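Here the structure comes first, spelled out in structure tokens, and everything after it is commentary.
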Amino acid sequence: MPFGQFGQPMPPAAFGAVAPTQPAGGVGSRMSVATFGNGVGSAPASAIQKPYANYTPPAPISPYLNLFRNTGNPGINNYYTLVRPMLEQQAFNQQVQAGLQAAELNTRLQQLQLQQLQQQQNQMLNRPSGASFMNFQQYYPGLKR
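This is the structure:
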């Protein structure tokens with residue numbers, strides 16, 4: 001058995017490792033490659049979304065640091081020229097972000113409602129929602145199963 005780091009035994013087929021296997025006859029050996037992630041129930045990577053993936057932390061630098069900045073003009077107040085515009089920009093950015101999130105949520109809800117309406121329409125018109133074998137109802141409307 002091969003040993004890995006710190007003298008711990010390594011598993012025989014770990015993530016693409018090649019492991020010898022014995023055939024049923026017991027004589028000779030062949031090599032097989034272990035594969036992972038192809039099992040039933042595994043979701044594609046694009047379908048999995050991490051929680052808080054869209055989170056953007058606030059700016060690590062406070063706009064109030066510019067309050068005591070030396071601009072070279074003694075008559076100009078730094079609060080109204082540097083600090084307040086940054087605070088207003090941050091507030092505006094938060095409003096736009098909230099508006100975009102609300103629009104995305106509204107779009108998702110409308111898509112779900114549209115799908116539900118299409119399913120209801122298919123049921124009302126007695127159309128199959130998917131493929132079905134030996135279904136001749138569209139050709140013979142009087143034929144019922």
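In the working numbering, the protein residues as written are 1 to 145.
We put the beta carbon where it would ideally sit given N, CA and C, even for glycine.
Quantities reported herein were computed from a predicted structural model and do not represent experimental measurements.
Contact check, residue i vs residue j under 8 angstroms by CB: the rounded distance?
| i | j | result |
| --- | --- | --- |
| Pro60 | Val83 | That pair is no contact at about 16 angstroms. |
Just the Cα atoms here: how many angstroms apart are residue i and residue j?
| i | j | result |
| --- | --- | --- |
| Leu125 | Phe133 | 18 angstroms |
| Gly75 | Thr81 | 11 angstroms |
| Phe136 | Gln120 | 21 angstroms |
| Leu87 | Tyr79 | 10 angstroms |
| Gln115 | Pro141 | 26 angstroms |
| Gln22 | Asn106 | Note on Gln22: pLDDT 48, under 50, position unreliable in the model; the coordinate value appears next. So the alpha carbons of these two residues sit roughly 58 angstroms apart. |
| Phe92 | Thr56 | 15 angstroms |
| Leu117 | Leu100 | 26 angstroms |
| Gln90 | Asn122 | 48 angstroms |
| Ser32 | Ile48 | Its pLDDT being 48, under 50, Ser32 is placed unreliably in this model, and the coordinates cannot settle the point. |
| Thr71 | Gln95 | 30 angstroms |
Could you please give the first and the last residue of the uninterrupted alpha helix (DSSP H) stretch that includes residue i?
| i | result |
| --- | --- |
| Thr107 | 84-124 |
With a 10 Å radius around its C-beta and 16 neighbouring C-beta atoms as the bar for buried, classify residue i as buried or exposed.
| i | result |
| --- | --- |
| Gly26 | For Gly26, the predicted structure reports a pLDDT of 49, less than 50, and the residue's modelled location is therefore unreliable. The matter cannot be settled from this model. |
| Gly37 | Note that Gly37 scores 49 on pLDDT, short of 50, meaning its location in the model is unreliable and no value can be drawn from it. |
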